[in-house]
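Below is one structure, written out as structure tokens; comments come after it.
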Amino acid sequence: MTGKKIRVLTTFPPSTLQRVVTEVPEVELIQIPEKIPLDPGVEGDVLLIPPWDSGNLADMLSRGVQWVHAIGTGVDRMPFDLLGDRLLTCARGASAMPIAEWIMAVMLAFEKQLPQSWISDAPEQWSSGQLGSLSGKTLGLVGLGGIGSAAARHALHFDMQVLAYRRSADPSPVDGVEKVSDLGEVLSRSDHIVLALPLTRNTRQIIDRAALAHIPAAAGVHLINPSRGGLVDYEALREALDDGRLARASLDTVEPEPLPTGHWLYSHPAVKLSPHISWSIPGAFDLLLETFIENLVLYRSGESLRGVVDLEHGY
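The numbering of the sequence shown is numbering that gives the first Met the number 0, which starts it at 0 and goes up by one.
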């Protein structure tokens with residue numbers, strides 16, 4: 000691509016992408032509508048969009064696009080069948096740091112009984128609490144990509160034991176993590192279980208009745224999901240919460256989103272919900288944009304891109 004403009008079709012307003020043009024001057028940004036047909040003659044090399052189909056993706060792709068970059072860390076809402084042989088990349092790992100911090104926050108909240116241990120009136124007794132500790136507890140990671148690895152590093156600093164279930168045969172990217180090949184082993188041995196894997200046809204409802212059966216009776220385990228709501232069978236989750244195998248479910252993602260009014264997850268005493276915000280920090284969009292800018296530089300030089308999605312496996 001050296002010596003010519005890289006035409007980037009995008010549904011994002013130019014004001015949000017000024018950094019792209021500043022850092023890669025060879026780029027020409029062409030704003031396109033999200034939901035209505037493009038004007039005749041509009042063409043581009045690259046398509047920069049959110050990680051879903053707004054209903055107009057086929058028209059966008061037909062304009063000469065060779066590479067699609069999804070500004071997001073998950074691509075489970077992308078219609079892979081429309082992409083053909085085009086390259087798809089995403090901002091994989093860009094939100095790992097804030098999400099790992101959120102994971103640590105909810106684990107500490109569980110062990111230290113926050114916020115319920117705060118007081119606004121004089122208690123009957125001082126110094127009478129029975130709080131838990133992360134030290135010596137076992138964190139079970141279902142998935143060991145960017146989020147899982149970041150959470151593992153934090154957990155090890157708190158003197159936790161860390162297990163990880165991962166599809167890949169590659170060794171653990173984090174020293175001190177025990178990698179296991181059986182999901183049931185992670186579930187049966189852990190005090191805190193974190194779902195840190197993408198949603199694909201193979202992982203949908205990976206936490207189902209059969210999986211949760213591996214948790215010992217009345218174990219009081221803490222399940223944490225900052226990834227995708229579709230990883231969980233919610234009827235099986237309710238059973239495990241009601242019988243004590245799970246003491247708490249801290250859920251930043253659910254299915255569907257938003258949950259309909261009156262859904263049982265809102266009112267169950269052992270469920271702590273947040274509205275898909277574990278990724279949120281100041282500058283979060285810049286973190287997502289960083290991967291695209293790095294890939295633009297590689298694309299311009301004819302080098303292999305990062306964060307390439309395996310369309311067969313779905314992530």
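Cβ coordinates follow ideal geometry from the N, Cα and C atoms, glycine included. The structure displayed is predicted, hence computed values, not measured ones.
Residue i versus the options, residue with shortest Cα-Cα distance
i	options	result
L130	R299, P172, Q115, V161	Q115
S127	S134, G175, Q112	Q112
E27	A248, L211, L295, S266	L295
A269	A246, P257, D169	A246
L155	L143, T137, G243	T137
L304	L16, N55, L87, E123	L87
Backbone secondary structure at residue i - three-state DSSP
i	result
V173	coil
R247	strand
W101	helix
Y314	coil
V296	helix
W263	helix
I205	coil
G335	Missing from the structure shown is residue 335; the chain here goes from 0 to 314 and no further.
T199	coil
A154	helix
A163	strand
R188	helix
Q112	coil
V20	helix
E289	helix
E343	Outside the shown range of the chain (0 to 314) lies residue 343, about which nothing can therefore be said.
T15	helix
Contacting residues, own chain, Cβ-Cβ under 7 Å from residue i (five flanking each side not counted)
i	result
T252	N224, P225, S226, R227, G228, H275
F11	L47
Residue i versus residue j - alpha carbon distance
i	j	result
I214	T202	19 Å
V7	D309	22 Å
M59	D174	44 Å
D327	C89	There is simply no residue 327 to check, as the chain begins at 0 and stops at 314 in what is shown.
R165	S187	16 Å
S180	P259	36 Å
Q79	P49	The question names Gln, yet the displayed sequence has Phe at residue 79. Cα to Cα, the separation comes out at about 14 Å.
G261	E254	14 Å
D52	W125	56 Å
L81	Y233	31 Å
G147	D38	43 Å
S94	F157	21 Å
E123	V176	43 Å
Buried or exposed by the 16-neighbour rule on C-beta atoms within 10 Å, applied to residue i
i	result
D84	exposed
F291	buried
I35	exposed
I98	buried
K317	What the structure shows of the chain is the stretch from 0 to 314, and residue 317 is not part of that stretch, so it cannot be assessed.
S167	exposed
G282	exposed
I205	buried
S189	buried
G142	buried
I70	buried
G306	buried
Cβ neighbours of residue i in the same chain (closer than 6 Å, five flanking residues each side left out)
i	result
G183	H213
G92	G145
R208	A235
S249	V105, I223, K271
S171	K178
Same chain, Cβ closer than 8 Å to residue i, five either side skipped, listed in chain order
i	result
V41	L8, I29, I31, R62
H312	T199, N201
G73	P50, C89, P197, L198, S226, R227, Y314
V19	V7, V26, L28, L288, F291, I292, L295
is_contact[residue i, chain B] using C-beta, thresh 7 Å
i	result
L133	Within the model displayed, chain B is absent; a lone protein chain is all it includes.
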